[in-house]
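Shown next, in structure tokens, is the structure this report addresses.
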Amino acid sequence: MRVRIWGCRGSVPTPGPQTVRCGGNTSCIEISLDDGTVFVLDAGTGIRELGNQLAENGVKHVHLMLTHLHLDHLEGLRFFAPLFDPESTIDLWGPRSPVVTLKERIRRSFSPPLFPIDLMDTPGRVNFHELPKTQWRIGEARLIASLIVHPGPTVGYRIEADGSSVAYIPDHEPALTGDFARRSRDWISGGSIAEDVDLLLHDAQYFEEEYDGRLGWGHSSVDSAMAYADAVGARRVVLFHHDPTHSDETMERLEAEARSLGSNTHDPPIVAREGMVLELPSR
Amino acid sequence: MATARSKHLVLILARELASNLATPTLIADAEGTLVFFNDAAEEIVGRGFSEIGEMPMDEFSASFTPRTRNHAPLADERRPTRIALEERRAAHEQLWVLSRDGVDRQVAITAFPLFAEADEFVGIVGIFWRE
Ligand SMILES: [Zn+2]
Ligand SMILES: [Zn+2]
Chain A
-12 MRVRIWGCRG SVPTPGPQTV RCGGNTSCIE ISLDDGTVFV LDAGTGIREL
38 GNQLAENGVK HVHLMLTHLH LDHLEGLRFF APLFDPESTI DLWGPRSPVV
88 TLKERIRRSF SPPLFPIDLM DTPGRVNFHE LPKTQWRIGE ARLIASLIVH
138 PGPTVGYRIE ADGSSVAYIP DHEPALTGDF ARRSRDWISG GSIAEDVDLL
188 LHDAQYFEEE YDGRLGWGHS SVDSAMAYAD AVGARRVVLF HHDPTHSDET
238 MERLEAEARS LGSNTHDPPI VAREGMVLEL PSR
Chain B
6 MATARSKHLV LILARELASN LATPTLIADA EGTLVFFNDA AEEIVGRGFS
56 EIGEMPMDEF SASFTPRTRN HAPLADERRP TRIALEERRA AHEQLWVLSR
106 DGVDRQVAIT AFPLFAEADE FVGIVGIFWR E
């Protein structure tokens, strides 16, 4: 299994000289399996370049898994090449809502007056799937989606395939559930997706001192992210959803901060960088 | 591979709310298992949740020998927690309960179901009001 980061910025794209190393594109990662299955997680602006790459490689079928519909996880969809290719099929998965279907919720920002083209008029084939309540399989992969703490219906994903596992929880504020580090794992938000996972990509938008003024905004401090990684027994952590005000230098300080916290993960934590490729060996 | 079956997020959030309430509050999951009650409920229960742990809600309720206002046994199907679990609707009842500390108390219980996403029943909340 191979994980490639196409966008790891939180909230809003941040192009410019201050962010060239970590990148300015919003959330999007690609997970490709040995059998050729491609999962795309989230459709932030990073998905635009990914779409071009898929077209170049002749990939005609992808599974697009949305964690939630905040714009920084959706805004790139309008520029995703497979949508405009009549020979492409996208299986699009996302959280359920009590009132409006997934398709209609996505269409709100993918139709006039917010966008000149209506999602329904794009030539690529899109199959909408509201997420199953229990684990399910796509080819060789076993998937779990679970609601997690973030404003509005939001899920994290776990994908197990090729003998390893990845959990993707880009927007998450488990600190709102109290002292989660002292709870049993079944009482931890997203516990079933992150438990003992080989690779955890997790929200670490703030330094601890920044978090104080942003309680309830749906994101984690680096301290909270590392406490979470320890609580769920993650083996390796990639810190994700970088704050738009954080330059590359600031992100280096955040990475050093994460490493100074003395977690139990097997490898030292790293901050996500656009273009980063993580190979997961079969265990 | 993942083994633990996590509590539904709504139950996790309900527990955090209950933990901060001064009103005695309990939570049961969709299968009818008592999964939490808060410190405020300790006085009525007579013990802390950590001493009791998870148990079937029916067994927990029965241990209080719930009785009507006239001290007649309360039929199982009139227990608000049972109604919320089985009929998935809100229920309220005034009754007498005998706590584990041996004290007879007059309380009212309000229980209501919790639904998540579109239609998923995830459990119930029961709140005790001291009469
Ligand atoms: Zn976000
Ligand atoms: Zn978000």
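Here the protein sequences line up with chains A and B, keeping their order. Going by my numbering, 153 is the number at position 166 of the first sequence; the sequence numbering is gapless. Here my numbering = 1-based position in the second sequence + 5. Note that the Cβ used here is the ideal one computed from N, Cα and C, for glycine as well.
Flag residue i as yes when its Cβ comes closer than 6 Å to any non-hydrogen atom of ligand 2, and as no otherwise.
| i | result |
| --- | --- |
| H228 of chain A | no |
| H346 of chain A | The structure shown does not extend to residue 346 of chain A, since chain A is modelled only from -12 to 270, so the question has no answer here. |
Spatial neighbours of residue i within its chain, please: C-beta separation below 7 Å, excluding the five flanking residues on both sides.
| i | result |
| --- | --- |
| W123 of chain A | L130 |
| T8 of chain B | The pLDDT assigned to T8 of chain B is 45, lower than 50, so where the model puts this residue is not dependable; a value taken from the coordinates is nonetheless given after this. Contacts found: none. |
| V50 of chain B | F42, S104 and R105 |
| D183 of chain A | G220 |
| F115 of chain A | L79, L89 and K90 |
| P85 of chain B | A96, H97, E98, I114, T115, A116 and G131 |
| V15 of chain B | L119, A121 and V127 |
So what's residue i in DSSP terms, helix, strand or just coil?
| i | result |
| --- | --- |
| P78 of chain B | strand |
| V25 of chain A | strand |
| R170 of chain A | coil |
| S133 of chain A | strand |
| I280 of chain A | The question about residue 280 of chain A has no answer here: the residues shown for chain A are numbered -12 through 270. |
| V87 of chain A | coil |
| G128 of chain B | strand |
| C9 of chain A | coil |
| A154 of chain A | strand |
| L22 of chain B | helix |
| V(-1) of chain A | coil |
| E62 of chain A | coil |
| A121 of chain B | strand |
| E17 of chain A | strand |
| Q40 of chain A | helix |
| D210 of chain A | helix |
| F97 of chain A | coil |
| I114 of chain B | strand |
| E136 of chain B | coil |
| M238 of chain A | helix |
| R83 of chain B | helix |
| S247 of chain A | helix |
For residue i, is the beta carbon positioned less than 6 Å from some heavy atom of ligand 1?
| i | result |
| --- | --- |
| G(-3) of chain A | yes |
| H159 of chain A | no |
| D59 of chain A | yes |
Name the chain B residues whose beta carbon is nearer than 9 Å to that of residue i?
| i | result |
| --- | --- |
| W204 of chain A | Going along chain B, no residue has its Cβ under 9 Å from W204 of chain A, so there is no contact; the nearest lies around 16 Å. |
| L134 of chain A | H13, L14, V15, A121 and E122 |
| K120 of chain A | E122 and E125 |
Identify the contact partners of residue i in chain A, using a Cβ-Cβ distance below 9 Å as the criterion.
| i | result |
| --- | --- |
| A123 of chain B | R83, S84, P85, V86 and E117 |
| S24 of chain B | G165 |
Closer than 6 Å by C-beta to residue i: which residues in its own chain qualify, once you throw out the five before and the five after it? Chain order, please.
| i | result |
| --- | --- |
| R74 of chain B | Q99 |
| V113 of chain A | I77 and L79 |
| T13 of chain A | G(-6), R(-4), P0, G31, T32 and D59 |
| N251 of chain A | D217 |
| M263 of chain A | I(-8) |
| L61 of chain A | A30 |
| E56 of chain B | none |
| S208 of chain A | Y193, E195 and Y198 |
| D210 of chain A | E195 |
| P71 of chain B | L79, L100 and V102 |
| M180 of chain A | Looking at the sequence provided, one finds Ile at residue 180 of chain A rather than Met. So the qualifying residues of the chain are I131, S133, G143, R145 and A154. |
| L188 of chain A | Y155, V225 and F227 |
| R52 of chain B | R105 |
List, in chain order, every chain B residue whose beta-carbon is nearer than 8 Å to that of residue i.
| i | result |
| --- | --- |
| V224 of chain A | Those within 8 Å of V224 of chain A in chain B number zero; the least Cβ separation is about 17 Å. |
| P140 of chain A | E122 |
| D173 of chain A | A9, R10, S11 and K12 |
For the candidate residues the options, whose alpha-carbon lies nearest to that of residue i?
| i | options | result |
| --- | --- | --- |
| V40 of chain B | B:L26, B:K12 and B:I49 | B:K12 |
| V136 of chain A | A:E266, A:T164, A:L37 and A:L28 | A:T164 |
| D124 of chain B | A:P85, A:D173 and A:H116 | A:P85 |
| V153 of chain A | A:E17, A:G11 and A:E43 | A:E17 |
| L106 of chain A | A:S247, A:K120, A:L64 and A:T141 | A:L64 |
| A148 of chain A | A:G126, A:A162 and A:D158 | A:G126 |
| E236 of chain A | A:P161, A:P2, A:T6 and A:R(-11) | A:T6 |
| G131 of chain B | B:A23, B:L14 and B:A77 | B:A23 |
| D158 of chain A | A:L134, A:H206 and A:K47 | A:H206 |
| M60 of chain B | B:Q111, B:E136, B:V15 and B:A33 | B:A33 |
| L37 of chain A | A:H55, A:T54, A:P4 and A:V(-10) | A:V(-10) |
| G3 of chain A | A:E117, A:A212, A:T232 and A:I257 | A:T232 |
| A162 of chain A | A:R145, A:A128 and A:G203 | A:G203 |
| I104 of chain A | A:F71, A:L241 and A:P82 | A:F71 |
| E82 of chain B | B:H76, B:A96 and B:F69 | B:A96 |
Whose Cβ in chain A lies nearer than 8 Å to the Cβ of residue i?
| i | result |
| --- | --- |
| S55 of chain B | Neighbours of S55 of chain B on chain A: none; closest Cβ ~11 Å, over 8 Å. |
| E21 of chain B | L163, T164 and G165 |
Which chain B residues are close to residue i, counting only those with a beta carbon under 7 Å from its beta carbon?
| i | result |
| --- | --- |
| S176 of chain A | L14 and I17 |
| K90 of chain A | Here the premise fails: no neighbours, minimum Cβ distance about 14 Å. |
Can you give me the Cβ contacts of residue i inside the same chain, cut-off strictly under 8 Å, excluding the 5 residues immediately before and after it?
| i | result |
| --- | --- |
| T109 of chain A | L70 and F71 |
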